[in-house]
Structure formats: C-alpha cells, structure tokens
Amino acid sequence: MMTDKIRDPENLNAQELDAIYAISRVVTRASELDASLDEIIGIARTVFIFDNVVLYVHEDADSLEPSYARAIGRGRNSEADLAWGEPIANDVIKTRKIVVRQEITGDFTKDRMKDRYFLGLPLIAGDQYIGALVFVRYGGPQFTPEHTHLAEYIAGHIAQLYEHGNLVTQLSRLEAERQLERLQDDFVATVSHELRTPLGFIKGYATSLLREDADWDEETRREFLTIIDEETDRLRELIDNLLDSSRLQSGTLRMEFQPVRIDTMLKDLTLRGKTFDKNLYIEVDLQTSPLKVRADPTRLAQVFDNLLSNAIKYAPGSTVNITLNTQDDHAHIQFSDQGPGIPSQDLPNIFTRFFRVPNQNPSVRGTGLGLFICRRIINAHDGEITAESKYGEGTTFHIYLPIMNHSSGEDSN
Ligand code: ADP
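Under the numbering used here, think of the first position of the sequence shown as 1, with each following residue one higher.
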C-alpha cells in the first residue's frame, strides 16, 4: 500500500492535517469510486486552491485516459474552453515526477482564464503506476513548494483509493466467477442426480421384468410397468423443464398469445388436480368471472400446474386455496397453502434458476427450475408473480396479469 510512501505530515498545519485525515477516512470506507473522489475533492478544496482537477489513468503503455474531471472554481462556467492539462499529465507519466508549469495563452491582464498554472503529480500505489493527477489554477496563485507538498498527500490518498477500488473489483469478479462455478457444479450435480433417479427405476424394473428366471404374476407386472410409466413421465417433464429453461435464458421460447378466460382455466385446473389425486382438497373462489387476459394458454396452464404441484409437494395434506380477483386493471390470482412455508432468508431466492430451499425433505424431488420458468412466463405476459410466506404457517403465490380491454378485438371462451 501507499501509506509508507506518504511522508510524515510534519509541514502541514492543523487545518490541512484535519483535511488529510478526513480524506483518508473516505479512502478506507470507499465504495463507489466517483462518489468517493467527489468527497475527497470537496474536502481538498477547503485547504487547497484549484479550479480544475483531472485524473488521468494509465490504461496501457501508450494510452492515457481522463477518468475523472471536475471544474470547481473559475472554470466552472466555461468548461468547453478549459485546458485539462493533458500535456502535463503526459510529462508526469513520462518522468514519474511532479511537474509544475505556467501557461499563458493570450492577454491575461484582460482574461485571467488565459493565465494557467498546472500542477501534475504521479499517482502510485505500491508498485502500481496508476496515472497522473493534474490541478489547474486560473490566474494564480502559483503552486508553491508548500502547496505541492500538500497536493502530494491528496494524490497519495487518491492512489490508495484506486488501489482499493481495483482490489474490490478483482475480489468481486473472483467471487462472481466462483459463484458461477458453484452454480454450474450444483447444476451438473442436481441434473445428473435428477436424471439418474428415474432412469435407475426404469432400468431396474425393466430388467426385472425381462429376467427369464423369474415368473412375475400379473399384479406385480402391472406394478412394475406403472412405475416405469410414471418415471418415464417424470423424466420427460424434467427434460422439458431443462429445455424451457434454456430457451427462456436465450430468449427463444415462443409464446402464442390469444384472449383467454382465466376463470375457465382455473376451473379446468381444479378438475385436473382432483382427477389426479382424489384426496386433494382445492378450494376455488372466482370472485370475478368471466375475466379475460391476453395469454399463451399452454404456458399459463404450465404456471398454474406448477404452483398447484408445488403446493401438493411442499404442503402435503394442506387445502390449496385458489382465488381470482381484480386489482386495478389486473387479474389477481392467488395460490395459498397452509404448509410449512419458506424461511424468510430463502424467500427472495425461490425464483432463481436451480434454487431449492436447503435441508428440505430429501424425498421431495425437484430441480429448482419450476418457479424460475413461472416467473419468466408471467413476465412475458407483462405480468408479475410474487410469493409471501410465513415459516410454519404457509405460502401464497400472487400472479398479476393485465386484464384484456373489452375493445381489443378477438373473442374467445
Ligand atoms: P422444485 O420444486 O423443482 O425444487 P421450484 O422452482 O418449483 O423447484 O421451487 C423452488 C423451491 O421453492 C422449492 O425447492 C421449495 O423449496 C420452495 N417452494 C416452492 N413452492 C413451495 C410451497 N408451496 N411451500 C413451500 N416451499 C415451496
């Protein structure tokens, strides 16, 4: 770090020292680079006179980019005409030394903006050569050695700020890469596990049925075939989900929109659910019907199926309440259960691809793709899907979809 390179502040007065300490505090809690620079420049202005300040960053061997510039004093109203001290910055970079220069560009007795004083300082943090900091004063006073000395502290801290910023960026990039790797590893682990389980059943029961040394009675044969049938469905569902998810990611999932009666769809869903499981208790409350939305019926049914099957999976034995209402110009559909709920720290993640609440019953199978797909589909309908849950009390999913305008053409049932 630069700290050891910043000389003892022996020649600074009390006010200057206070300012430098204030600047160093900005550096240590630095978050956003430009905001921190603004703050440092604001503090520096209380003890150090300048009109312009420019920070040039040494991008590579031959390029010098202004990465931050502020006109504070006299130059503020005529920014277009300002000299930003690029030649001075170039000299600083070349020599790696402080450069002090005066430039007279016309009759400065009439226009003091034409009498310019530049102070260029190298920005070095550790062994990293960051660039140059240039201060400009219009019409003086000229930069004395004391001024330069004070400016060195400011430059030193700004260099630290950059080093700190780079470090943070590098760390967050590393963290993001690690996160991605972790997600990919989790993905491969989850998907291979999920594919293997049904495949294992199918292979095992098919092999058993094919054994020549075994004589299965009719009931056992049917049982084995039913398992093979169900596991094949599960495998197909899983592959469909994976395909949907990657199409949604790449934006290639096509939607076929048409006017759809949402109350009818919810009634159908209930019937389907009850046929699937006679013990399933669903309560439907369609306060507003008929109600039309513009939707892709297959995709919307997929969302409803998913929410119902999640309630069955994660809240076994609970009644599922489905309600339809309107809110402003939106249809508001709710799926509620009185199951175990979702811990509050996990709730914000449930729509994330591959996310599953940790430590839940391992016999409940899933990939963490369902809700991700639901959200993408609802968003493609210009709608919104959210979840609220009280751990131990149950979960409610809310879907909002724009109601179709009566005058918007086609009709359907
Ligand atoms: P999957 O069911 O394949 O794991 P989903 O994306 O459908 O994936 O759901 C993500 C996670 O959200 C589930 O793993 C589960 O932990 C949680 N979850 C979803 N619905 C409910 C619910 N009704 N009650 C409790 N937890 C739920």
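Virtual Cβ for every residue (Gly too), placed ideally from N, Cα, C.
Contact check, residue i vs residue j, beta carbons under 8 angstroms
i: residue 326; j: residue 403; result: yes
i: residue 183; j: residue 238; result: no
i: residue 293; j: residue 331; result: yes
i: residue 129; j: residue 20; result: no
i: residue 345; j: residue 394; result: no
i: residue 369; j: residue 166; result: no
i: residue 209; j: residue 221; result: yes
i: residue 139; j: residue 107; result: no
i: residue 47; j: residue 86; result: no
i: residue 123; j: residue 151; result: no
i: residue 343; j: residue 357; result: yes
i: residue 399; j: residue 378; result: yes
i: residue 312; j: residue 347; result: no
i: residue 295; j: residue 381; result: yes
i: residue 190; j: residue 367; result: yes
i: residue 68; j: residue 91; result: no
i: residue 270; j: residue 284; result: yes
i: residue 205; j: residue 187; result: no
Of the residues the options, the one placed nearest residue i, counting alpha carbons only
i: residue 56; options: 46, 84, 48 and 35; result: 84
i: residue 131; options: 142, 54, 103 and 296; result: 54
i: residue 309; options: 374, 206, 146 and 216; result: 374
i: residue 49; options: 68, 146 and 97; result: 146
i: residue 44; options: 357, 279, 189 and 155; result: 155
i: residue 63; options: 99, 36 and 94; result: 94
i: residue 136; options: 51, 36 and 103; result: 51
i: residue 103; options: 96, 390 and 113; result: 113
i: residue 101; options: 41, 117 and 301; result: 117
i: residue 70; options: 283, 386 and 133; result: 133
i: residue 319; options: 362, 274 and 296; result: 274
i: residue 142; options: 218, 125, 170 and 99; result: 99
i: residue 201; options: 283, 254 and 233; result: 233
i: residue 72; options: 41, 111 and 176; result: 41
i: residue 321; options: 328, 329 and 307; result: 307
i: residue 360; options: 252, 314, 198 and 110; result: 314
i: residue 127; options: 214, 96 and 181; result: 96
i: residue 388; options: 405, 362 and 349; result: 349
i: residue 328; options: 244, 405, 272 and 176; result: 405
i: residue 164; options: 37, 22, 390 and 333; result: 37
Supposed close pair residue i, residue j - CB separation, criterion 8 angstroms
i: residue 335; j: residue 257; result: The pair is not a contact, with the Cβ atoms about 23 angstroms apart (cut-off 8 angstroms).
i: residue 446; j: residue 317; result: With the chain covering only 1 through 413, there is no way to say anything about residue 446.
i: residue 371; j: residue 383; result: Not a contact, Cβ separation roughly 14 angstroms.
i: residue 149; j: residue 11; result: 6 angstroms
Closer than 8 angstroms to chain C by CB, residue i
i: residue 43; result: The question asks about chain C, but that chain is absent: this structure has only one protein chain.
Does the stretch 23-42 come close enough to the stretch 146-163 to have 3 or more Cβ pairs within less than 8 angstroms? yes
Three-pair Cβ contact test at 8 angstroms for the stretch 350-364 versus the stretch 226-242: no
Using 8 angstroms as the threshold, is the stretch 279-289 in touch with the stretch 249-268, meaning 3 or more CB pairs across them? yes
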